[in-house]
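> Handing you this structure, nothing more for now.
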Amino acid sequence: MVSTFDVFENKESGPLILAWAVFLCLISSLPEKEENNILMEIDHIAYVRQAFEAGSLSSFLEIIENDILRDFDGPTAGFRSVLRTFISAFIASYEFNLQLEDGNLKLILDILCKIYQGEESLCTQFWDRESFVDGPIRCLLCNLEGEFPFRTAELLQLLSALCEGAWPAECVFNFLDKSTGLSSPVDIDSCSIVDDASQTVMAIQPLQLPSIEGLVIPSGTRGHLLKMIDRNIALVRWEFSQSGVFVLLLHLAQGLYLEKTSEIIMTLGLLNRLVTFNMGVCSALLDLRGYMHDEMNSPSEHLRVNVAEIICAWIKSLSPNCSGVGLMSMGVNILAKMLKCSPYHVSRLIVQANIFDVAFKTDPFKTGSSGLSSGSWLLSGRLTKMLSIDYEQNDCQLTLSVLDLTMQLMDSGMENDVVLALVIFSIQYVLVNHEFWNYKIKHARWKVTLKKLGEVARDILLGDSSIHSALFRLVCTTSDGLEKLYFSRLYGLTEIEGLQEAIVLGLDVLSSMLSDLSRDVPSFTVFHQAIMSPMTKPVPVVTAAISLMSFFRNPKIQVGAARLLSRLFIIGYDSQSYAVNNAYFGLDDNQIYNFKNTICCILYQEKAESEDLVIATFKMLTYAARYQVTCPLVAFFLSSLICYIAARPWDLVYLDDLLSRSI
Numbered sequence: 010m011v012s013t014f015d016v017f018e019n020k021e022s023g024p025l026i027l028a029w030a031v032f033l034c035l036i037s038s039l040p041e042k043e044e045n046n047i048l049m050e051i052d053h054i055a056y057v058r059q060a061f062e063a064g065s066l067s068s069f070l071e072i073i074e075n076d077i078l079r080d081f082d083g084p085t086a087g088f089r090s091v092l093r094t095f096i097s098a099f100i101a102s103y104e105f106n107l108q109l110e111d112g113n114l115k116l117i118l119d120i121l122c123k124i125y126q127g128e129e130s131l132c133t134q135f136w137d138r139e140s141f142v143d144g145p146i147r148c149l150l151c152n153l154e155g156e157f158p159f160r161t162a163e164l165l166q167l168l169s170a171l172c173e174g175a176w177p178a179e180c181v182f183n184f185l186d187k188s189t190g191l192s193s194p195v196d197i198d199s200c201s202i203v204d205d206a207s208q209t210v211m212a213i214q215p216l217q218l219p220s221i222e223g224l225v226i227p228s229g230t231r232g233h234l235l236k237m238i239d240r241n242i243a244l245v246r247w248e249f250s251q252s253g254v255f256v257l258l259l260h261l262a263q264g265l266y267l268e269k270t271s272e273i274i275m276t277l278g279l280l281n282r283l284v285t286f287n288m289g290v291c292s293a294l295l296d297l298r299g300y301m302h303d304e305m306n307s308p309s310e311h312l313r314v315n316v317a318e319i320i321c322a323w324i325k326s327l328s329p330n331c332s333g334v335g336l337m338s339m340g341v342n343i344l345a346k347m348l349k350c351s352p353y354h355v356s357r358l359i360v361q362a363n364i365f366d367v368a369f370k371t372d373p374f375k376t377g378s379s380g381l382s383s384g385s386w387l388l389s390g391r392l393t394k395m396l397s398i399d400y401e402q403n404d405c406q407l408t409l410s411v412l413d414l415t416m417q418l419m420d421s422g423m424e425n426d427v428v429l430a431l432v433i434f435s436i437q438y439v440l441v442n443h444e445f446w447n448y449k450i451k452h453a454r455w456k457v458t459l460k461k462l463g464e465v466a467r468d469i470l471l472g473d474s475s476i477h478s479a480l481f482r483l484v485c486t487t488s489d490g491l492e493k494l495y496f497s498r499l500y501g502l503t504e505i506e507g508l509q510e511a512i513v514l515g516l517d518v519l520s521s522m523l524s525d526l527s528r529d530v531p532s533f534t535v536f537h538q539a540i541m542s543p544m545t546k547p548v549p550v551v552t553a554a555i556s557l558m559s560f561f562r563n564p565k566i567q568v569g570a571a572r573l574l575s576r577l578f579i580i581g582y583d584s585q586s587y588a589v590n591n592a593y594f595g596l597d598d599n600q601i602y603n604f605k606n607t608i609c610c611i612l613y614q615e616k617a618e619s620e621d622l623v624i625a626t627f628k629m630l631t632y633a634a635r636y637q638v639t640c641p642l643v644a645f646f647l648s649s650l651i652c653y654i655a656a657r658p659w660d661l662v663y664l665d666d667l668l669s670r671s672i
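In short: position in the sequence shown from 1, add 9, done, that's my numbering.
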């Protein structure tokens with residue numbers, strides 16, 4: 010039946026034919042049995058050739074890149090695992106080689122990277138030696154490492170995909186750091202043959218490794234001839250142990266003065282993923298050492314590579330274009346992670362390198378007596394151009410990295426014009442204006458909003474009216490307004506979910522800020538006045554909080570709204586303001602009726618879907634009774650409690666637990 014398929018007329022049959030060929034090949038490797046004879050007589054090589062001519066490997070890549078799989082809400086590790094098993098079987102069946110001219114190698118690596126990247130469980134299985142399914146792929150990785158650093162891009166591509174998670178990242182670092190040799194192209198006339206049968210050679214004189222200045226193979230070093238590259242040029246794997254991470258960083262440092270190749274980009278990408286997943290690896294990178302030999306064959310002292318200094322120099326040299334934005338994003342993220350490991354050392358390097366081109370009129374390590382003295386610093390437009398490219402053409406990764414770095418610099422305790430310039434820039438340019446940017450990917454906006462609310466706004470919210478306005482535009486919406494988004498063609502589900510996540514965090518920020526304020530404040534702060542104002546747009550904060558309690562699609566929003574109302578009741582009491590309780594919170598009879606129905610729906614469910622919501626609702630009613638004595642909700646609270654007890658008399662122990670945690 011398979012032989013009747015014409016792969017050139019029906020492209021979809023290509024992957025099936027290739028899988029059939031792999032199956033036949035594996036069957037042929039089993040001990041001979043009579044029942045297998047028929048299958049063993051089939052020419053599986055012909056099937057492979059037919060599948061390759063039809064580009065079947067490309068079809069596998071299309072499968073894993075398909076939007077259906079990429080946007081699938083459930084776990085995708087099972088689908089990827091099946092494809093991983095097939096690719097592993099394919100490699101094992103045909104002893105896949107590493108010929109540079111073989112375009113299938115690139116396809117295989119692309120498929121493998123798509124399989125492993127983002128799947129920590131599959132990466133963990135890969136580094137588990139007992140996982141036999143990954144065995145052939147591990148052999149492929151070792152073959153790639155055998156040609157390092159002569160051939161680097163393919164090795165870095167696969168390792169970057171395999172470091173998803175803390176333990177896999179540690180495994181990747183150790184795999185590179187404990188490299189057992191280095192490979193280089195050599196004129197065979199400069200070597201002596203030690204053993205012709207095993208193709209072992211020995212360097213007659215010190216040999217300089219191409220593309221890595223100062224890295225010399227000492228004379229007398231033995232090596233294994235891997236293959237002939239040209240008539241007199243052979244690729245030799247030298248028995249010269251050197252940390253592969255150290256070699257990569259040397260190449261990265263020297264890449265500043267050489268042509269920027271894909272290997273440099275992949276090196277930064279690998280470092281970025283390693284420090285993101287494992288802080289232990291990040292610390293190890295900050296204190297990385299290696300050793301080198303000079304041309305006189307004498308070993309030098311251990312050489313320390315300053316990774317942070319190299320990254321700073323790279324960021325400083327980048328041009329404001331799409332490629333530069335990607336590299337800066339990775340570099341800034343690496344520095345932000347390294348700041349957590351060594352705040353003093355890395356922060357001083359960042360300031361000394363002046364990576365964002367702050368123009369000084371004073372010593373950058375000193376701050377004037379007035380703090381932000383007028384004209385003491387000026388941030389160049391390069392960062393602004395980079396961020397514009399980031400949100401118009403990318404997914405705001407540079408913007409997020411800059412905000413992370415800003416917070417880490419502030420946490421490091423360093424106060425100087427570079428840090429102050431970056432803080433003011435982050436507030437005035439990014440946090441206030443980001444919602445009006447023309448995003449290429451719409452939901453990327455909410456990543457920036459979440460970063461702002463989660464890490465920055467708490468420190469600057471009290472006194473900055475522009476931040477107040479931006480926050481209220483986010484939080485001050487209604488349940489009906491959110492419901493309408495689901496029926497609009499202008500909003501995708503990912504964007505709606507991002508908005509809701511931002512609203513949850515925005516409500517929490519407002520609640521925590523109100524909670525942190527001292528009740529002994531003699532007068533209303535700017536923040537107080539803003540949050541209590543009935544003129545807040547698009548709706549007052551109180552109105553928004555009451556309305557959002559009825560948004561049952563997302564209990565987290567309901568919990569956040571209930572907690573905010575609890576704080577507002579206290580603030581209304583402390584300020585002697587009638588802005589909260591006047592005329593039933595400024596709501597009409599219909600809105601009050603809906604609010605009461607919402608509370609009833611929350612409390613009288615047969616089984617609470619969100620215990621946090623029930624507790625937050627009880628607590629809100631308690632604060633209404635305690636601080637808003639003229640509010641009709643006091644009587645409503647008592648009647649709600651009585652009805653709750655009457656509705657579930659068998660559950661008084663559970664009620665007692667809820668009330669003890671609420672009141």
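Ideal placement from N, C-alpha and C gives every residue a C-beta, glycine not left out.
One question on the structure: do C331 and Q402 come within less than 8 Å of each other, judged by their Cβ atoms?
Q402 is positioned such that its CB atom lies closer than 8 Å to that of C331.
> Kindly indicate which residue of E74, L167 and S521 has the alpha-carbon position closest to the one of L573.
Comparing Cα-Cα distances from L573 to each of E74, L167 and S521, the minimum goes to S521.
> Pick out whichever of E248, I319 and R298 has its Cα sitting closest to the Cα of L312.
R298
> Would you kindly check if the distance between the Cβ of L191 and the Cβ of V181 is under 8 Å?
Contact: no.
> Return the CA-CA distance between S102 and L35, expressed in angstroms with no decimal places.
6 Å
> Alpha carbon to alpha carbon, what distance is there between E128 and C151?
21 Å
> Could you check if P24 is buried or exposed, using at least 16 other CB atoms within 10 Å of its CB as the buried criterion?
buried
> Could you please give the first and the last residue of the uninterrupted beta strand (DSSP E) stretch that includes M4?
A question about residue 4 goes unanswered here, because the residues of the chain that appear run from 10 up to 672.
> If you drop the 5 nearest sequence neighbours on each side, which residues of the same chain put their C-beta closer than 7 Å to that of T94?
Contacts found: V142.
> Have a look at the DSSP bridge pairing and note the partners of I242.
D196
> According to DSSP, is L218 part of a helix, a strand, or is it coil?
coil
> State the CB to CB distance for the pair L168 and L279, rounded to an integer number of angstroms; the pair is presumed to be in contact (CB under 8 Å).
Right, the Cβ-Cβ distance comes to about 6 Å (below 8 Å), so this counts as a contact.
> On a CA-only basis, which of L121, G390, A539 and A554 is nearest D517? Give me that one, please.
A554
> For the segment 193 to 202 and the segment 248 to 255, state whether three or more C-beta atom pairs, one from each stretch, are separated by less than 8 Å.
no
> For W29, I'd like the list of residues in its chain whose CB is within less than 7 Å of its CB, leaving aside the five on either flank, ordered along the chain.
V11 and Y56
> Could you give the distance in angstroms between the alpha-carbon of I96 and the alpha-carbon of L121?
8 Å
> Measuring only the C-alpha atoms, how far is G569 from L622?
9 Å
> Roughly how many angstroms lie between the CA atoms of L396 and A430, to the nearest whole one?
16 Å
> Closer than 7 Å by C-beta to A690: which residues in its own chain qualify, once you throw out the five before and the five after it? Chain order, please.
Lying outside 10 to 672, the shown extent of the chain, residue 690 is not represented and no answer is given.
> Alpha carbon to alpha carbon, how far is S556 from Y613? Give it in angstroms, no decimals.
19 Å
> Should the segment 274 to 293 be called in touch with the segment 221 to 240, which here means at least 3 C-beta pairs below 8 Å?
The segment 274 to 293 vs the segment 221 to 240: no contact.
> To the nearest angstrom, report how far apart A212 and L218 are at their CA atoms.
12 Å
> State the DSSP-derived secondary structure class of M211, mapped to helix, strand or coil.
Assignment of M211 by DSSP, reduced to helix, strand and coil, places it in the strand class.
> Please report how far the alpha carbon of I608 lies from the alpha carbon of G490, in whole angstroms.
20 Å
> Quick one: what's got a C-beta closer than 7 Å to E62's C-beta in the same chain, skipping five residues either side?
Non-local C-beta neighbours of E62 in its own chain, meaning closer than 7 Å and more than five positions away in sequence, are absent.
> Does the distance from the CB of I398 to the CB of V334 come in under 8 Å?
yes
> With distances taken Cα to Cα, identify the nearest neighbour of V31 among K20, I54, E18 and S22.
I54
> Residues in its own chain within less than 6 Å of Q263 by CB, not counting five upstream and five downstream?
Correct list, in chain order: E222.
> Ignore the nearest five residues each way along the sequence and tell me which others in E618's own chain have a CB closer than 7 Å to its CB.
So the list reads P564, once near-sequence residues are dropped.
> Which residues does DSSP list as the beta-bridge partners of S201?
M211
> For V432, is the beta carbon positioned less than 7 Å from some heavy atom of the ligand GDP?
Although the ligand GDP was asked about, the structure shown includes no ligands whatsoever.
> Mapping the DSSP letters down to three states, classify R93 as helix, strand or coil.
Reduced to three states, the DSSP call for R93 is helix.
> May I ask which residues mark the beginning and end of the alpha helix (DSSP H) holding L344?
C331 to C350
> Do the segment 535 to 552 and the segment 507 to 515 make contact, defined as three or more Cβ pairs closer than 8 Å?
no
> Which whole-angstrom value describes the C-beta separation of V341 and L348, a residue pair presumed to lie in contact below a C-beta threshold of 8 Å?
Not confirmed; about 11 Å, so no contact.
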